[in-house]
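Structure first, then comments.
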Amino acid sequence: REEAEKRRRERDAQSVLEEQSDFFTASFARDREAIETLLRLEPAQGAEAAAEAVSEAARRLQDLQRLLTDSVRFLAPYEVRQAQAALSKLQGALSERRLQLKPKKRFAFTKALKKDPASAPSKPPAQHPPRESSAKHQKEAATSASQDPSCGFSQTEGRTLELGPTELLQQDVVLSQLRRCRVLLRGNPNTLLVRDCHDCTVLCGPVSTSARVDGCSGCLVTLACQQLRTYRTTETSFYVQVTSRAMLEDCSAMRFAPYSWDYAGREADFKTAGLDRSKNNWDQVDDFNWLAKDQASPNWCLIPEKERITDWN
Numbered sequence: 001r002e003e004a005e006k007r008r009r010e011r012d013a014q015s016v017l018e019e020q021s022d023f024f025t026a027s028f029a030r031d032r033e034a035i036e037t038l039l040r041l042e043p044a045q046g047a048e049a050a051a052e053a054v055s056e057a058a059r060r061l062q063d064l065q066r067l068l069t070d071s072v073r074f075l076a077p078y079e080v081r082q083a084q085a086a087l088s089k090l091q092g093a094l095s096e097r098r099l100q101l102k103p104k105k106r107f108a109f110t111k112a113l114k115k116d117p118a119s120a121p122s123k124p125p126a127q128h129p130p131r132e133s134s135a136k137h138q139k140e141a142a143t144s145a146s147q148d149p150s151c152g153f154s155q156t157e158g159r160t161l162e163l164g165p166t167e168l169l170q171q172d173v174v175l176s177q178l179r180r181c182r183v184l185l186r187g188n189p190n191t192l193l194v195r196d197c198h199d200c201t202v203l204c205g206p207v208s209t210s211a212r213v214d215g216c217s218g219c220l221v222t223l224a225c226q227q228l229r230t231y232r233t234t235e236t237s238f239y240v241q242v243t244s245r246a247m248l249e250d251c252s253a254m255r256f257a258p259y260s261w262d263y264a265g266r267e268a269d270f271k272t273a274g275l276d277r278s279k280n281n282w283d284q285v286d287d288f289n290w291l292a293k294d295q296a297s298p299n300w301c302l303i304p305e306k307e308r309i310t311d312w313n
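Numbering (the UniProt record's numbering), first residue to last: 1 to 313.
Okay, here's the thing in structure tokens:
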């Protein structure tokens, strides 16, 4: 009798999980379609209407990310990966749409994009040998390279670089090809991309949606975000608050600790970003190159408390 009761409870529990998964799938598909419809609104229908549609799409995308975060506990790993890929695609479409609607300026450089020719190396830096990655990621990286937003820093060496709240507010920030730089981003960006940076420290305020680190080494990154994805990166430490589980692909020697960087206005930036402070999976990491469930991935670890940075000045 006890065995029969146990089997009944297991069947009931499985039924609940399936119902929750079905609800998530239906809700996610419906909201995804609504966002795609908003992003297809033609500028010919009015610039103001198009801008309002983009704002509504951004709000719904945040809600969709929260739906995934709240549902991770009962979804299969492949369902989580599919949803993360869909969110990434939507985020890319949103960023592209914002660029399309941004007023074009003639003969003017964007103030927030800073490049220091004098400090750039006289010869191209040594290329790190590329690692094989998924076709999906290669396509995603190529798309980002051709659609870089206009806020951030590029091709700079040995400098301290800073952006404040006004420059960062809901911007898509790109840091690329930096060497031995210290970057302070005091404010609330919409997204953050750190690409091909080496021996750098990146201190960032709360990011409303996703952060991606790609092709970096020897870096220290601290930020809060909904979703963190890291590709082809080595010997890098993260101090993070992340709503969903962080994701690694083709990475090694990664270390994690909780977000602890503080600055004037940080709490206001958390509110603007819409991040839930009670949901922090800083120590939950999915390594897509390590499929053994009964053994921990050798590619990442937690930073021991006694080794964690407490003074960021």
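No residue lacks a Cβ here, since even glycine has one placed at the ideal position from N, Cα and C. The model shown is predicted, which means the values in this text are computed figures rather than measured ones.
When DSSP labels each residue in this structure, what does residue i get in the three-state scheme?
i	result
Ala224	strand
Ser154	strand
Arg277	coil
Tyr231	strand
Arg195	strand
Glu162	strand
Leu99	helix
Glu249	strand
Ser210	strand
Arg81	helix
Asp286	strand
Ser217	strand
Glu35	The sequence shown places Ile at residue 35, rather than the Glu named in the question. It is helical.
Lys306	helix
Leu75	coil
Ser297	coil
Lys111	Confidence at Lys111 is low in this model, with a pLDDT of 44, below 50, so the placement of that residue should be treated as unreliable; the coordinate-derived value is given next. Coil at Lys111, not helix or strand.
Leu291	coil
Gly265	coil
Leu87	helix
Asp22	helix
Arg40	coil
Asp311	coil
Are the Cβ atoms of residue i and residue j separated by less than 8 Å?
i	j	result
Ser154	Gln170	no
Arg212	Cys181	no
Ala224	Val202	no
Asn299	Ser260	no
Thr191	Ser88	no
Ala246	Leu228	yes
Asp31	Arg59	no
Leu184	Leu168	no
Asp199	Gly218	yes
Ser21	Leu68	no
Thr209	Gln84	no
In the DSSP assignment, the beta strand (DSSP E) including residue i goes from what residue to what residue?
i	result
Thr236	234–242
Ala253	252–258
Gly205	201–206
Arg182	182–185
Gln177	172–179
Leu302	300–302
In or out: residue i buried (at least 16 other Cβ within 10 Å) or exposed?
i	result
Arg277	exposed
Phe23	exposed
residue 316	The requested residue 316 is not part of the displayed model; the chain covers only 1 to 313.
Leu175	buried
Thr243	buried
Ala49	exposed
Ala296	exposed
Leu193	buried
Ala273	buried
Arg179	buried
Going by DSSP, what residue range makes up the alpha helix (DSSP H) through residue i?
i	result
Thr166	165–168
Leu68	47–71
Closest by CA to residue i, which one among the options?
i	options	result
Lys279	Arg255, Trp290, Thr233, Gln226	Gln226
Thr234	Gln65, Asp172, Arg255	Arg255
Arg266	Val207, Asp199, Arg97	Val207
Asp216	Tyr231, Gly205, Ser210, Asp70	Here the sequence assigns Cys to residue 216, which means Asp is not the residue at that position. Ranking Tyr231, Gly205, Ser210, Asp70 by Cα distance to Cys216 puts Tyr231 first.
Cys301	Arg81, Leu61, Leu248	Leu248
Gly187	Asp172, Val80, Thr166	Thr166
Glu42	Gln100, Ala246, Thr272, Glu162	Gln100
Ala93	Gln65, Ala57, Val183	Ala57
Asp283	Ile303, Ala273, Ser210, Leu291	Ile303
Asp70	Ala53, Leu163, Arg229, Ser27	Ser27
Ala264	Lys293, Glu307, Cys204	Cys204
Thr37	Ser55, Ala296, Asp172	Ser55
Asp311	Glu52, Glu79, Thr222	Thr222
Asp269	Ala29, Gly164, Asp287, Asn313	Gly164
Ala51	Arg98, Thr156, Asn281	Arg98
Leu291	Glu33, Thr156, Leu90, Pro77	Pro77
Leu39	Gln91, Val80, Arg308, Arg81	Gln91
Gln82	Ala53, Arg308, Phe288	Phe288
Val285	Val72, Asp172, Ala86, Val173	Val72
Arg308	Cys151, Ser237, Asp250, Lys293	Ser237
Does the beta carbon of residue i come closer than 8 Å to any beta carbon on chain D?
i	result
Arg66	Among the chains in the structure shown there is no chain D, since it carries only a single protein chain.
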